[in-house]
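To start, the structure under review is shown below, and the notes come after it.
Numbering (full-length UniProt numbering), first residue to last: 1 to 259.
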């Protein structure tokens with residue numbers, strides 16, 4: 001039986017989406033968008049599938065997202081695929097399956113030859129095979145002049161800041177800087193230079209799917225001046241129209257940068 005509502009959407013949404021794209025102010029498009037791909041397990045349960053199938057459905061929605069980002073002129077995307085907390089609080093059999101799906105998704109993005117892949121996270125916490133495959137995807141796409149895609153795997157905002165401070169201390173130790181001297185000169189830029197995303201613009205917009213309205217440690221340092229958009233759709237159901245609404249909402253906001 002044909003679902004009338006879905007049929008109407010298929011007819012009307014493309015025209016609506018085209019109008020939204022045409023009306024977006026090109027000077028107010030976010031250059032860096034962070035996305036928390038949340039709700040895969042809830043989606044699977046709702047449609048009668050197992051957890052692994054939910055994660056795979058979520059992975060399959062990444063390519064479309066990157067295409068939508070290219071369409072409107074986004075330059076950098078950060079995808080939070082797995083938190084550092086997940087490495088310890090998920091059942092081993094579930095974690096193994098999830099890592100396999102993530103490896104396949106990242107390799108698929110690299111094989112497309114359209115996007116530059118950059119892993120961000122505590123790769124030392126990941127299984128050796130997973131870390132090596134992420135690094136291989138980065139190396140294979142190093143010279144691609146396209147959308148920069150940060151894949152956050154084993155990522156935690158607090159861990160990133162701790163790693164940045166640790167790297168900063170180690171860097172100055174090799175220069176012979178004393179702790180007293182470092183304490184006199186250290187500022188926020190010194191720490192920013194050692195973040196996983198060093199050299200990149202901070203995210204202008206952070207999107208979280210599934211209706212949750214919290215960051216959960218995502219890009220804690222970098223999102224100080226970000227705009228946030230919380231979408232009710234579970235990640236596998238996140239559509240082009242949802243993305244365009246997020247971009248439109250961002251463009252309509254008056255950004256004050258702490259004012």
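Ideal Cβ placement from N, Cα and C applies to all residues, glycine included.
If you check the CB distance, residue 55 and residue 101 come in under 8 angstroms. Within the segment 33-80, complete alpha helix (DSSP H) segments of at least 4 residues are found at 40-47, 51-60 and 62-72, given in chain order. For residue 152, the enclosing beta strand (DSSP E) covers residues 148-155. Judged by DSSP in its simplified three-state form, residue 238 adopts coil rather than helix or strand. Its chain contains 108, 109 and 112 as the residues whose beta carbon lies nearer than 8 angstroms to that of residue 63, once the 5 sequence neighbours on both sides are disregarded; these appear in chain order.
With respect to the 8 angstroms criterion, residue 121 and residue 155 are classified as neighbours on the basis of their beta carbons.
With contacts defined as CB atoms closer than 8 angstroms, residue 119 and residue 134 qualify as a contacting pair. In the structure shown, residue 229 adopts extended strand secondary structure according to DSSP, grouped into three states.
If you look at residue 118, you'll find it in the beta strand (DSSP E) that goes 116-120.
The beta-carbon separation of residue 42 and residue 210, rounded to 7 angstroms, stays under the 8 angstroms limit for a contact.
Distances from the CA of residue 229 to each of 247, 183 and 65 were compared; the closest alpha carbon is that of 247. With three or more CB-CB distances shorter than 8 angstroms, the segment 233-252 counts as touching the segment 26-42. The segment 157-175 and the segment 136-143 do not touch, with fewer than 3 CB-CB distances between them shorter than 8 angstroms. Ranked by Cα distance from residue 71, the options 175, 173, 29 and 80 are led by 29. If you draw a straight line from the Cα of residue 203 to the Cα of residue 47, it is about 33 angstroms long.
Taking a contact as a CB-CB distance under 8 angstroms, the pair residue 104 and residue 52 does not count as one, their CB atoms being some 12 angstroms apart. Assigned with DSSP and collapsed to three states, residue 166 falls in helix.
Here residue 84 is buried, its C-beta having at least 16 other C-beta atoms within 10 Å. In the three-state reduction of the DSSP assignment, residue 23 falls in the helix class, which pools H, G and I. For residue 208, the uninterrupted beta strand (DSSP E) segment begins and ends at 205-208. About 5 angstroms separates the Cβ atoms of residue 243 and residue 68, confirming a contact at the 8 angstroms cut-off. Non-local beta-carbon contacts of residue 152 in its own chain, meaning distances under 7 angstroms to residues more than five positions away in sequence, involve 78, 79, 80, 81, 120 and 121 in chain order. Residue 49 and residue 93 have their C-alpha atoms roughly 17 angstroms apart.
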